[in-house]
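All remarks here apply to the structure that follows.
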Amino acid sequence: MIHAAVLTISDSVSAGARGDRSGPAVRERLEQLGWKVSVTEVIPDEAAEISQRLSTLADGGQVAAIFTTGGTGLGPRDVTPEATRAVVDREIPGFGELMRAKGRESTPLATLSRSLAGTRGRVLLVNLPGSPRGAVESLDAIVELVPHVLELLRGQTEHVSAPQE
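What follows is the structure, encoded as structure tokens:
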């Protein structure tokens, strides 16, 4: 079973001015896939706070993957990618590319998402959009690759070829 954290990044949700819809949607989807979501939190759009929490979670050994939702747009307070980039060891550009490509099948606005993914130690970090639909669609775009990423991060790097017929 894969253990995950879901962090909603939103000033309005953290202030109690709006309910969180995207975090619960991501959690529900992960649980449908058989994952255990052991951490759910809401954090304001503050780069230092986001980076600190991502670092603490990634270094704590409690989760294998951290999914953020929100803060990936072009607004002045959308700083999640920058906060994530500050703490990852390596980026995985293909995840962001794949999430945007899949999102464009639903809306041309997906092109504007700055979602990214990367690794810190043995933990995968993925930024998802802030809308519930966009977050789940982006998650679905990459989720089949996550188990392989986690195997690689644990040092399981042997590639097994498919049997020839």
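Note that the numbering used here has the sequence shown beginning at 1, numbered continuously upward.
Glycine included, every Cβ here is placed at the ideal spot set by N, Cα and C.
Quick caveat, the model's predicted, so the values are computed rather than measured.
Distance, Arg21 Cα to Asp11 Cα: By 1-based counting over the sequence shown, the position of residue 11 is 11. By 1-based counting over the sequence shown, the position of residue 21 is 21. Cα to Cα, Asp11 sits roughly 14 Å from Arg21.
Touching by the beta-carbon criterion (3+ pairs, under 8 Å), the segment 113-133 and the segment 54-74: yes
8 Å Cβ cutoff met for Val87 and Leu124: By 1-based counting over the sequence shown, the position of residue 87 is 87. By 1-based counting over the sequence shown, the position of residue 124 is 124. No, the pair does not count as a contact, with Cβ atoms beyond the cut-off.
Residue environment, Asp45, which counts as buried when at least 16 other CB atoms sit within 10 Å: To locate residue 45, count along the sequence shown from 1; it is residue 45. Classification for Asp45: buried.
The segment 61-68 contacting the segment 89-98, beta-carbon criterion three pairs below 8 Å: no
Buried/exposed call for Ala64, threshold 16 Cβ in 10 Å: For the purposes of this step, residue 64 is identified with residue 64 of the sequence shown, where counting begins at 1. Burial call: buried.
Those residues which DSSP pairs with Val39 across a bridge: Counting from 1 along the sequence shown, the entry for residue 39 is found at position 39. Its beta-bridge partners are Ala5.
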